[in-house]
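Below: one structure, written as C-alpha coordinates.
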Amino acid sequence: MNLYEFSAVEAGKGLLVKMKLLLVVCLAVAASCAVAPRRPNAVVDFVPGNDNVSGRLQLYRTDYAGVLIQGKVSGLTPGHHGFHVHAEGDLSGKCTAAGGHFNPFQTNHGSPYDNPVRDRHVGDLGNIQADRYGNADIYIHDTVISLDPASHAYIGNKAIVIHQGRDDLGRGGNPDSLKTGNAGGRAGCGLIVPH
(Lines of atoms letter the chains of each structure in order from A and count residues from 1; the text may use other names and numbers.)
(Lines give C-alpha, C1' and ligand atoms only; values in the text may rest on other atoms or scores of the structure.)
Protein backbone atom coordinates (compact mmCIF):
# COMPACT_ATOMS: atom_id res chain seq x y z
CA MET A 1 0.00 0.00 0.00
CA ASN A 2 1.41 3.36 -0.94
CA LEU A 3 1.05 6.61 0.96
CA TYR A 4 -1.83 7.81 -1.25
CA GLU A 5 -3.87 4.63 -0.58
CA PHE A 6 -3.15 4.87 3.15
CA SER A 7 -4.31 8.48 3.40
CA ALA A 8 -7.53 7.72 1.45
CA VAL A 9 -8.38 4.88 3.87
CA GLU A 10 -7.63 7.08 6.88
CA ALA A 11 -9.68 9.93 5.40
CA GLY A 12 -12.60 7.52 4.90
CA LYS A 13 -12.35 6.38 8.53
CA GLY A 14 -12.27 10.01 9.66
CA LEU A 15 -15.40 10.77 7.63
CA LEU A 16 -17.17 7.76 9.14
CA VAL A 17 -16.28 8.93 12.66
CA LYS A 18 -17.58 12.43 11.85
CA MET A 19 -20.83 11.00 10.47
CA LYS A 20 -21.34 8.88 13.60
CA LEU A 21 -20.68 11.91 15.78
CA LEU A 22 -23.17 13.97 13.75
CA LEU A 23 -25.78 11.22 14.16
CA VAL A 24 -25.27 11.16 17.94
CA VAL A 25 -25.66 14.95 18.11
CA CYS A 26 -28.83 14.85 15.98
CA LEU A 27 -30.35 12.13 18.16
CA ALA A 28 -29.52 14.08 21.31
CA VAL A 29 -31.17 17.21 19.91
CA ALA A 30 -34.26 15.24 18.85
CA ALA A 31 -34.54 13.60 22.27
CA SER A 32 -34.32 16.95 24.01
CA CYS A 33 -37.17 18.28 21.84
CA ALA A 34 -39.48 15.36 22.61
CA VAL A 35 -42.44 16.27 24.76
CA ALA A 36 -44.62 14.11 26.93
CA PRO A 37 -48.04 13.36 25.47
CA ARG A 38 -50.43 16.08 26.51
CA ARG A 39 -53.52 15.41 28.51
CA PRO A 40 -56.76 15.34 26.50
CA ASN A 41 -59.14 18.28 26.87
CA ALA A 42 -62.11 15.88 26.92
CA VAL A 43 -62.82 12.15 26.88
CA VAL A 44 -65.69 9.97 25.68
CA ASP A 45 -66.45 6.50 27.08
CA PHE A 46 -68.95 4.63 24.92
CA VAL A 47 -71.99 2.73 26.17
CA PRO A 48 -74.08 0.31 24.10
CA GLY A 49 -77.06 1.56 22.14
CA ASN A 50 -78.62 -1.05 19.84
CA ASP A 51 -75.24 -2.82 19.52
CA ASN A 52 -72.65 -3.85 22.11
CA VAL A 53 -70.34 -0.89 21.44
CA SER A 54 -67.50 0.01 23.80
CA GLY A 55 -64.40 2.14 23.59
CA ARG A 56 -62.80 5.42 24.50
CA LEU A 57 -61.96 8.60 22.64
CA GLN A 58 -59.64 11.44 23.59
CA LEU A 59 -60.39 14.93 22.30
CA TYR A 60 -57.74 17.64 22.00
CA ARG A 61 -57.99 21.32 21.21
CA THR A 62 -55.67 22.01 18.32
CA ASP A 63 -53.40 25.03 18.12
CA TYR A 64 -54.65 26.05 14.69
CA ALA A 65 -58.43 25.32 14.73
CA GLY A 66 -60.97 22.79 15.87
CA VAL A 67 -60.65 19.49 17.66
CA LEU A 68 -58.65 16.30 17.15
CA ILE A 69 -60.58 13.12 18.05
CA GLN A 70 -58.68 9.87 18.45
CA GLY A 71 -59.30 6.49 20.01
CA LYS A 72 -60.65 2.99 19.48
CA VAL A 73 -64.15 1.55 19.45
CA SER A 74 -65.25 -2.09 19.27
CA GLY A 75 -68.51 -4.03 18.99
CA LEU A 76 -69.55 -2.58 15.64
CA THR A 77 -70.62 -4.44 12.52
CA PRO A 78 -67.97 -4.35 9.79
CA GLY A 79 -68.21 -1.35 7.47
CA HIS A 80 -68.98 2.35 7.63
CA HIS A 81 -70.91 4.01 10.45
CA GLY A 82 -72.25 7.54 10.76
CA PHE A 83 -70.37 9.47 13.45
CA HIS A 84 -72.00 12.58 14.89
CA VAL A 85 -72.12 14.93 17.84
CA HIS A 86 -75.74 15.05 19.06
CA ALA A 87 -77.48 17.96 20.76
CA GLU A 88 -77.99 16.43 24.21
CA GLY A 89 -75.75 14.70 26.72
CA ASP A 90 -78.40 12.18 27.81
CA LEU A 91 -77.37 8.61 26.88
CA SER A 92 -80.55 6.88 28.07
CA GLY A 93 -83.03 4.95 25.92
CA LYS A 94 -80.29 3.21 23.92
CA CYS A 95 -78.91 6.63 23.02
CA THR A 96 -82.23 8.02 21.71
CA ALA A 97 -82.34 10.69 24.44
CA ALA A 98 -79.24 12.28 22.88
CA GLY A 99 -81.58 14.09 20.48
CA GLY A 100 -80.73 15.04 16.92
CA HIS A 101 -77.43 16.13 15.45
CA PHE A 102 -75.88 19.20 17.09
CA ASN A 103 -77.10 21.95 14.78
CA PRO A 104 -76.90 25.46 16.30
CA PHE A 105 -77.06 27.15 12.87
CA GLN A 106 -80.24 25.26 11.78
CA THR A 107 -78.78 23.94 8.53
CA ASN A 108 -79.27 20.73 6.55
CA HIS A 109 -77.20 17.61 7.21
CA GLY A 110 -74.02 17.30 5.17
CA SER A 111 -70.41 16.24 4.93
CA PRO A 112 -67.73 17.36 7.39
CA TYR A 113 -66.12 19.09 4.40
CA ASP A 114 -69.20 21.23 3.65
CA ASN A 115 -69.68 24.84 4.78
CA PRO A 116 -70.82 24.73 8.44
CA VAL A 117 -72.93 27.86 8.26
CA ARG A 118 -74.83 26.73 5.16
CA ASP A 119 -74.41 23.06 4.31
CA ARG A 120 -73.79 20.91 7.39
CA HIS A 121 -74.67 20.50 11.03
CA VAL A 122 -71.84 21.39 13.39
CA GLY A 123 -72.05 17.80 14.67
CA ASP A 124 -71.69 16.14 11.24
CA LEU A 125 -68.38 14.26 11.42
CA GLY A 126 -68.91 11.83 8.53
CA ASN A 127 -68.21 8.12 8.85
CA ILE A 128 -65.85 5.85 10.70
CA GLN A 129 -64.97 2.39 9.40
CA ALA A 130 -64.99 -0.82 11.41
CA ASP A 131 -62.80 -3.71 10.30
CA ARG A 132 -64.06 -7.28 9.84
CA TYR A 133 -63.80 -7.80 13.61
CA GLY A 134 -65.95 -4.76 14.41
CA ASN A 135 -63.08 -2.56 15.60
CA ALA A 136 -62.55 1.03 14.49
CA ASP A 137 -59.47 3.18 14.97
CA ILE A 138 -60.65 6.77 15.00
CA TYR A 139 -58.53 9.77 14.04
CA ILE A 140 -60.54 12.80 12.99
CA HIS A 141 -59.57 16.45 12.90
CA ASP A 142 -62.54 18.77 12.48
CA THR A 143 -62.12 22.54 12.23
CA VAL A 144 -65.75 23.37 13.05
CA ILE A 145 -66.41 21.75 16.43
CA SER A 146 -64.91 23.39 19.49
CA LEU A 147 -63.90 22.67 23.07
CA ASP A 148 -64.07 26.37 23.92
CA PRO A 149 -67.16 26.99 26.11
CA ALA A 150 -67.53 30.49 24.62
CA SER A 151 -68.00 29.08 21.09
CA HIS A 152 -71.37 28.42 19.42
CA ALA A 153 -69.80 25.15 18.25
CA TYR A 154 -68.91 23.98 21.79
CA ILE A 155 -69.42 20.21 22.08
CA GLY A 156 -68.68 19.69 25.77
CA ASN A 157 -71.35 17.72 27.68
CA LYS A 158 -73.01 16.58 24.45
CA ALA A 159 -73.12 13.01 23.12
CA ILE A 160 -71.15 11.44 20.31
CA VAL A 161 -73.30 8.81 18.61
CA ILE A 162 -72.10 6.02 16.33
CA HIS A 163 -74.88 4.90 14.01
CA GLN A 164 -75.58 1.41 12.70
CA GLY A 165 -75.38 2.44 9.05
CA ARG A 166 -73.34 4.54 6.68
CA ASP A 167 -73.96 8.31 6.59
CA ASP A 168 -74.83 9.39 3.03
CA LEU A 169 -73.53 12.91 3.88
CA GLY A 170 -76.80 14.56 2.87
CA ARG A 171 -76.57 13.34 -0.72
CA GLY A 172 -79.29 10.64 -0.52
CA GLY A 173 -81.90 12.65 -2.41
CA ASN A 174 -84.63 12.39 0.25
CA PRO A 175 -85.76 14.44 3.27
CA ASP A 176 -84.19 12.07 5.84
CA SER A 177 -80.84 12.43 4.10
CA LEU A 178 -80.93 16.17 4.84
CA LYS A 179 -81.75 15.49 8.52
CA THR A 180 -79.78 12.36 9.48
CA GLY A 181 -77.79 11.16 6.49
CA ASN A 182 -79.90 7.96 6.56
CA ALA A 183 -77.35 6.54 9.01
CA GLY A 184 -79.88 4.32 10.79
CA GLY A 185 -80.19 3.32 14.43
CA ARG A 186 -77.79 4.19 17.21
CA ALA A 187 -75.14 1.53 17.74
CA GLY A 188 -73.60 3.27 20.74
CA CYS A 189 -72.94 6.64 22.31
CA GLY A 190 -70.80 8.44 24.83
CA LEU A 191 -70.78 11.69 26.76
CA ILE A 192 -68.12 14.28 25.89
CA VAL A 193 -66.64 15.02 29.33
CA PRO A 194 -64.41 18.13 29.34
CA HIS A 195 -61.37 18.25 31.63
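Those letters in the sequence shown? Residues -34 to -1, 1 to 161, per mature numbering (1 follows the signal peptide of the UniProt record, and there is no 0), in order. Note that the Cβ used here is the ideal one computed from N, Cα and C, for glycine as well.
Taking the C-alpha atoms as reference points, what is the distance between Asn18 and His67? 22 Å
Per DSSP, which one or two residues make a beta bridge with Gly21? Under the DSSP definition of a beta bridge, Gly21 partners with Val39.
6 Å Cβ shell around Gly131 - same chain, five flanking residues per side excluded: Ala149 and Gly150
Quick test of the definition: if touching needs 3 or more C-beta pairs under 8 Å, does the stretch 127 to 144 touch the stretch 47 to 60? yes
Range of the contiguous beta strand (DSSP E) that encloses Asn74: From DSSP, Asn74 is part of no beta strand (DSSP E); its letter is neither H nor E.
Where the beta strand (DSSP E) through His52 begins and ends: Gly45 to His52
So Gln36 and Leu23 are supposed to be a Cβ contact under 8 Å. How far apart are they, rounded? Going by Cβ atoms, the distance from Gln36 to Leu23 rounds to 7 Å, so yes, they are a contact pair.
Proximity of Ala116 and Cys155 at Cβ, strictly below 8 Å: Not a contact, by the Cβ cut-off of 8 Å.
Check the C-beta distance from Leu113 over to Val33 and give it rounded, since I have them as a contact under 8 Å. 6 Å
Select from Gln95, Thr146 and Tyr120 the residue whose C-alpha is nearest the C-alpha of Arg27. For the residues Gln95, Thr146 and Tyr120, the minimum Cα distance to Arg27 belongs to Tyr120.
Give a yes or no on whether the C-beta atoms belonging to Asp90 and Gly76 are separated by under 8 Å. yes
What residue from Phe12, Asn123, Leu25 and Asn16 has the CA that sits closest to Pro6's CA? Nearest option by C-alpha distance: Leu25.
Buried or exposed by the 16-neighbour rule on C-beta atoms within 10 Å, applied to Gly92: buried
DSSP three-state assignment for Ala63, whether helix, strand or coil: helix
Endpoints, beta strand (DSSP E) assigned at Tyr105: Tyr105 -> beta strand (DSSP E) spans Ala102 to Asp108.
N-terminal and C-terminal residue of the beta strand (DSSP E) that Pro160 is part of: Arg152 to Pro160
Can you look up Gly32 in the DSSP assignment and give me helix, strand or coil? coil
Among Pro14, Pro82 and Gly138, which has the Cα closest to the Cα of Val127? Between Val127 and the set Pro14, Pro82 and Gly138, the nearest pair of CA atoms involves Pro14.
To the nearest angstrom, report how far apart Tyr79 and Gly59 are at their CA atoms. 31 Å
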